[in-house]
Structures are given as C-alpha cells and as structure tokens.
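As given, the protein sequences belong to chains P and D, one line each in that order.
Residue numbering for the first sequence is 1 to 227, as defined by this note's numbering.
Residue numbering for the second sequence is 228 to 454, as defined by this note's numbering.
2 protein chains.
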Amino acid sequence: MKEFIDQTLLMPTRNQHDYEDFFEQVLKYHFFAVCVPPFYVERSKQLLNDSPVQTCTVIGFPNGYNETETKIFETEQALKKDCDEIDMVANLYDLKSANWSNIENEITQIKKVCDNKVLKVIVESSLLEDNEIVEISKVIMNSGADYIKTSTGFHGPGAKLEHIALMKETLKNSNVKIKASGGIRDLEAAKKFIAAGCSRIGTSSGVNIMNEYLGNNDNETTARSDY
Amino acid sequence: MKEFIDQTLLMPTRNQHDYEDFFEQVLKYHFFAVCVPPFYVERSKQLLNDSPVQTCTVIGFPNGYNETETKIFETEQALKKDCDEIDMVANLYDLKSANWSNIENEITQIKKVCDNKVLKVIVESSLLEDNEIVEISKVIMNSGADYIKTSTGFHGPGAKLEHIALMKETLKNSNVKIKASGGIRDLEAAKKFIAAGCSRIGTSSGVNIMNEYLGNNDNETTARSDY
C-alpha cells in the first residue's frame, strides 16, 4: 500500500512543529513520496536523505493561473534543489475556454524542463465536464507528461471513480498514468482508486490509511485537511 | 464608493466569456482597480488602456508557500507587463512559526522590486491569533510595504472588523494602509470596513455594491465567489 501513497502536506497554515511531526511519520511509514510546498523542497531532501522516499512539490498551485514563465521558473528552482517529482496545475481558464493548444504548449515546455523527472498535471477534474476530462486527457497524452492528477484538494469534492474511468479509457493506448487526489481519507477509498487503475494516491491521510492497512489501532490524526 | 474598490476576479475556473463580462462591468463602473491573475495582466492593461482603472495582480497566491525567488520572479514579470499594484501573500508557515525576520526579509526584497509601485501584503488574518496580527503588522511596517491586506478569499471567513481595529492601532504611527478583503459582498459591509479605516476594499461583488450605492435595481450577479 505505502508504495502507492504521496503523503501530502499542503495546508498553508501548518507550522514548524506540524512539519516535524509530518516527517517523523513519513520516516516511520516510508511512503512512496512526500508532496510539500516549494519553499520546503530543500529541507525535505535533507530530511529524507537516507530514505528511499521521494520529494514531490507543486507548481502554480493551487489555482494554475500564473504565467507560463513563472511556472517554468518555479519548476527550475525545484529541480535545482534536486526535487524528484513535479505536480503542476494546468491553466483552468484555458481549460474552461477550450484553448487546448495553449495548455499543451505550457505542459510541453514544463516537461522539457523536467526531462526525466516525473511530471504530473493537475486538472481539477471534479470541476470539469466529461468532455473536458476527455480533451485534457488527450492534451496531456500529446504533451509528454507522465501523469494526469485529479485534484488540488483546494477546489471541489476531489477524485471521483467515474472520472478515473473516463481518463483510463481515453489514455488506454498511452503511457500516461493516473494519480487520484482530493478527499481520499481511508483505506477503503484508497483501495477503490487503486482497483480503478490509479498508480498513485495523493492524500494527507496516509498515516491513517497505513494504520488501517496494517491493522494498527492507533489511528492518530495526521495533518488534517481542515483548519 | 468606486474609488475604494479593487474589483476582483480570482476564481480559477472562470472562462473567456466570464472575463469579457467582468471587464465590460469594470469599464461601466470605473472601480479604482481590477485584481486579476498574473496570466491576465497583459490583457488587462490592453483592455483598460483608455481608462483610469488600475491593474493589480496577486503573487504567491493564495497559499504563500512558494520560494521567495519565485515570488520575486513573478513580481518582476507582472511589472514588465506594466502592472500597477502587487498583492503578495506572506509565507504563513513562517507566520505560524513566528519566523518574523524571514517574513520581513521576503517582503523587503519584493518591495525593492516594486519600487514606487504599490505593494500589499496578504496575511490571512481570519486564521491568525490576535498577537500574530499585531506582530505581522509591525513586520509590514518595517518592510516598507504600502498596505496590509486581510485575506485571499480562499481560506477562512475573511475580513473581520475587530482585526481591522487591531491593525489600525498597531499601524497608527506609520503610512501603512489597510485593504479589507474576503466576504465583503454588499454596501453595508463595505461601508463598515471603510468607516473602520480601510483605504481599499477587495471584492468580487463590486457591481452589486455600486448598484446598491447608486440606488439601481438591477442587482445583477457578477463573478460569483462560489463555483
């Protein structure tokens, strides 16, 4: 189970103490990756130095409406700090205006900067129509990105199984994988998204999920998704 | 009334049609400024070319946990497009960890880039304790920024009159002004915040407020703050 989980700490008001607790848990459970804000990438790499846990950060997060140049700069900065994976937010204005070539251009440029590092593209699927999910899946396929990721966790209800099915069908002849995120808080939900074909689960509830998986009783609360 | 209002369009899923409607209203009511995402600054300057309406954008928005270098880059990009005002989000991790000198260093660097352009610092006051509001007000005073701004509109309930009073008292011997934002949707609320000493109101409900102010009956809904 742990190899599916990007354990996530992206609430903006978490403090030094919360981050210390978070990394203590990460080093206990050995998730696939942590997903942390850009300002914390350097420190994350230091803290995870001796572990196999990857460091992932977020670009243009969570609203996606930064300039492409800024998203590129922010990606370059993260890679300079030796960040392992990049989760960028697509420009949702372009998505909602059907400016597909703008979106493809932006993702293609950022994938070029990422080179062999994994790039995931967040599309905020719970705010999209079905036809928009199909179109953006095609755009991501053409752009060379490695993953489509459902949600930021900041807008709308998050990952939905019917949207995963739509992505899966559209992406069936490609190598693009799926990361489900937003609202996945227990083992039952995680298992459903994995069974539906997701290769990665983004969640701030990784400790709870692993405790359920391992049959532990200490379902201590980790970083909460509320304030 | 209009000279107090930064008419705001920051919901990430608004499309081309929504932006066209928004600018049509802005050119009808002549608010002090528009507050739009970074990717739209260039177009905003073109659309407002013949009007006195200023263009304001947001930096490190809405979570504030980007690297300082990225916030600086994003500010420089906006100023290259001739953006008139900059609303940056402070690093709330540093705020919640009482790393006051980190915050002051970041704001000071960005104010240096802004030079004579107005810099507002968003502190997300509805998620702060009273002592944190006092401390961050002092930090902003020392950093040379022009405004303290209460909220992004994306986290917590937004502007509160008791927090404005706290800022006002702390800033009484300085030139730092106050922008109230987050949850201000009608004339009554706008008037209260202005009476409390706010120099600017950030709202997506500027059209409703102006219609109430002018006694118009066509309280048409402008950009909604829900999805």
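Every residue gets a Cβ at the ideal spot worked out from N, C-alpha and C, and that includes glycine.
Leucine 441 of chain D is classed as exposed because its beta carbon has fewer than 16 other beta carbons within 10 Å across all chains shown.
DSSP, reduced to helix, strand and coil, places methionine 88 of chain P within a strand of the structure shown. Glycine 429 of chain D carries a strand assignment under DSSP once its states are collapsed to helix, strand and coil.
Using a CB distance below 8 Å, the part of the stretch 145-156 of chain P facing chain D consists of Phe154, His155, Gly156, ordered along the chain. Cβ atoms of aspartate 321 of chain D and asparagine 329 of chain D come within 8 Å of each other, at about 4 Å. A residue is called buried once 16 or more other Cβ atoms fall within 10 Å of its Cβ, and proline 289 of chain D is buried on that count. Checking the DSSP bridge columns, you'll see glutamine 7 of chain P partnered with P:Val34, P:Thr203.
Residue environment: glutamine 46 of chain P is assigned as exposed (fewer than 16 neighbouring CB atoms within 10 Å of its CB, all protein chains considered).
At a C-beta separation below 7 Å, glutamine 77 of chain P has these neighbours in chain D: Glu294, Glu296, Thr297. By the Cβ neighbour-count rule, asparagine 358 of chain D is exposed, with fewer than 16 other Cβ atoms within 10 Å of its own. Between serine 408 of chain D and threonine 235 of chain D, the C-beta spacing is below 9 Å.
Judged by their CB atoms, valine 268 of chain D and aspartate 233 of chain D are not nearer to each other than the 9 Å cut-off. Relative to the Cα of valine 121 of chain P, the nearest Cα in the group P:Val134, P:Ala90, P:Met1 belongs to P:Ala90. Rounded to whole angstroms, glutamate 396 of chain D and glutamate 362 of chain D show a C-alpha spacing of 12 Å. According to DSSP, residue pairing for alanine 180 of chain P in a beta bridge involves P:Ile201. Counting only runs of 3+ residues, the beta strand (DSSP E) found wholly inside the stretch 354-398 of chain D occupies 374-376, in chain order.
In terms of beta-carbon proximity, lysine 365 of chain D stays away from the interface with chain P, with every pair separated by 9 Å or more. Around phenylalanine 288 of chain D, the beta-carbon contacts reaching into chain P at under 8 Å are Asn63. Excluding its 5 nearest sequence neighbours in each direction, valine 403 of chain D has C-beta neighbours in its own chain below 8 Å: Ser364, Ile367, Met368, Ala372, Asp373, Tyr374, Ile375, listed in chain order. Cβ contact annotation for isoleucine 299 of chain D (same chain, cutoff 7 Å, sequence separation greater than five): Gln336, Ile337, Val340, in chain order.
Within chain D, the residues Asn293, Thr297 have their CB atoms less than 7 Å from the CB of glutamate 74 of chain P, given in chain order. The beta carbon of leucine 127 of chain P is closer than 7 Å to those of His155, Gly156 in its chain, skipping five residues each way along the sequence.
Counting only runs of at least 4 residues, the stretch 50-95 of chain P fully encloses the following alpha helix (DSSP H) elements, listed from N- to C-terminal order: 68-80.
Taken through DSSP and simplified to helix, strand or coil, lysine 2 of chain P comes out as helix.
The alpha-carbon separation between glycine 429 of chain D and threonine 377 of chain D amounts to approximately 9 Å.
By the criterion of a C-beta distance shorter than 8 Å, lysine 192 of chain P is surrounded in its chain by Leu161, once the five residues flanking it on both sides are discounted. Per DSSP, valine 26 of chain P lies in no beta strand (DSSP E) segment; the continuous alpha helix (DSSP H) that holds it begins and ends at 16-29. Closest by C-alpha distance to serine 431 of chain D, out of D:Glu251, D:Arg412, D:Gln304, D:Asn242, is D:Arg412. C-alpha of lysine 28 of chain P to C-alpha of leucine 414 of chain D: approximately 53 Å in a straight line. Excluding residues up to 5 positions away in sequence, Pro157, Gly158, Ala159 lie with their Cβ nearer than 7 Å to the Cβ of glycine 183 of chain P in the same chain. At least one C-beta of chain D is nearer than 9 Å to the C-beta of phenylalanine 39 of chain P.
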